[in-house]
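Chains as they are written, first to last, in the working numbering: chain A, 1 to 169; chain B, 1001 to 1169.
Okay, structure coming up:
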């Protein structure tokens, strides 16, 4: 399950697959909260939506986009709060959590860490063999994060296993 | 309940009282998580500790120190994640959440928004008539946030009520 965190719009995508095999989209959704609601209630609404989908899909892993404080400070704080809630909920349900930077996600799905939103959406649509592009961009981003984790996370795990085996552990 | 959020140390203080009456400390604690644990598990440990105390004390309100991204970016992101978790949990338990800036908290307990940690600890110790200063500083800060909310939040509520009454609502 990939999560593109945000207080106003939170993208959530569930993808099944592994390196070298076709990917399948199991779910995609965007959770929204009204900007005039107090932040704690907005976080609660998002928490309930995330938890519902964690219980429904029981994903092997949750991948969350890593938040940087490069942009608007107010937005970033809200985004960090949401990502903390998502990470905590996954941990409570015994699901492993991984963070990927935006450029890791872009590079994984398009081959370039500097791809724009349109390129990411286009590649996600092609990789998941969808008839229509996922809308809005947060939905496509969440799917891209899930795909990035399936490919990168998988490769990292196999490498770690090989190293552990070689070390006789 | 006042919360001074942090991944490594989270201060938590429960104070009873109102404007113009003596304050009573009901609880003070510092939750800690090991720095080498992955962030999602650290958030989960803190969430469990916060929730335990929310259920134990059933506070009227939870006051959380507002996070700014002025300092170390990495630390701030972790702190924002923790504050998001605390806010969401309070909302889930139907408890109102308020944020106060560090300078509001300092001004409320010491009279100066630029007071240092020692002055805050000293005033908290005096206001709560404690025989020993709360340690570490995160514990004193959490109590200061709780006191700030009792005084500021209370005053704001009474003002809002008076305005509503005057408007015939």
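Where is the CB? At the ideal position from N, CA and C, for every residue including glycine.
Return the CA-CA distance between residue 1185 of chain B and residue 131 of chain A, expressed in angstroms with no decimal places. No answer is possible for residue 1185 of chain B: it lies beyond the span of chain B, which begins at 1001 and ends at 1169.
Inspect the beta-carbon positions of residue 65 of chain A and residue 145 of chain A and report whether they are closer than 8 Å. yes
Among A/84, A/123 and A/127, which one has its Cα closest to the Cα of residue 1006 of chain B? A/84
Since residue 1003 of chain B is in the alpha helix (DSSP H), which residue starts that stretch and which ends it? Taken as a continuous stretch (DSSP letters only), residue 1003 of chain B belongs to no alpha helix (DSSP H), being part of the beta strand (DSSP E) at 1002–1004.
Cβ closer than 8 Å: which chain A residues qualify as neighbours of residue 1097 of chain B? 38, 39 and 40
For residue 1149 of chain B, would you say it is in contact with chain A, using Cβ-to-Cβ distances shorter than 8 Å as the test? no
Identify, in the order they occur along the chain, each residue of the same chain with its Cβ nearer than 7 Å to the Cβ of residue 110 of chain A, setting aside the five sequence neighbours on each side. 119, 120 and 123
Looking at chain A, which residues of the stretch 1101–1113 of chain B have a Cβ within less than 8 Å of any of its Cβ atoms? none
Would a check of beta-carbon distances place residue 153 of chain A closer than 8 Å to chain B? no
CB-CB under 6 Å to residue 166 of chain A, same chain, minus the five flanking residues each way: which ones, in chain order? none
Any C-beta of chain B sitting closer than 8 Å to the C-beta of residue 44 of chain A? yes
Can you name the residues that DSSP bridges to residue 1009 of chain B? B/1032
Note the first and the last residue of the continuous beta strand (DSSP E) segment covering residue 100 of chain A. 96–100
Could you check what DSSP says for residue 56 of chain A in three-state terms: helix, strand or coil? helix
Interface partners of residue 88 of chain A on chain B, CB under 7 Å: 1040, 1043, 1044, 1047 and 1085
Express the C-alpha separation of residue 1134 of chain B and residue 61 of chain A in angstroms, rounding to a whole number. 41 Å
Grab me the residues of residue 1108 of chain B's own chain with a C-beta within less than 7 Å of its C-beta, minus the 5 sequence neighbours each way, in chain order. 1147, 1148, 1151 and 1152
Please indicate yes or no: does the CB of residue 118 of chain A lie closer than 7 Å to some heavy atom of the ligand ADP? As for the ligand ADP, it is missing from this structure, which has no ligand bound.
Residue 1062 of chain B - partner residues in DSSP beta bridges: B/1097
By DSSP's criteria, residue 1027 of chain B is part of a beta bridge. Which residues make up the other side? B/1014
Could you tell me the alpha carbon to alpha carbon distance between residue 1003 of chain B and residue 1039 of chain B, rounded to whole angstroms? 19 Å
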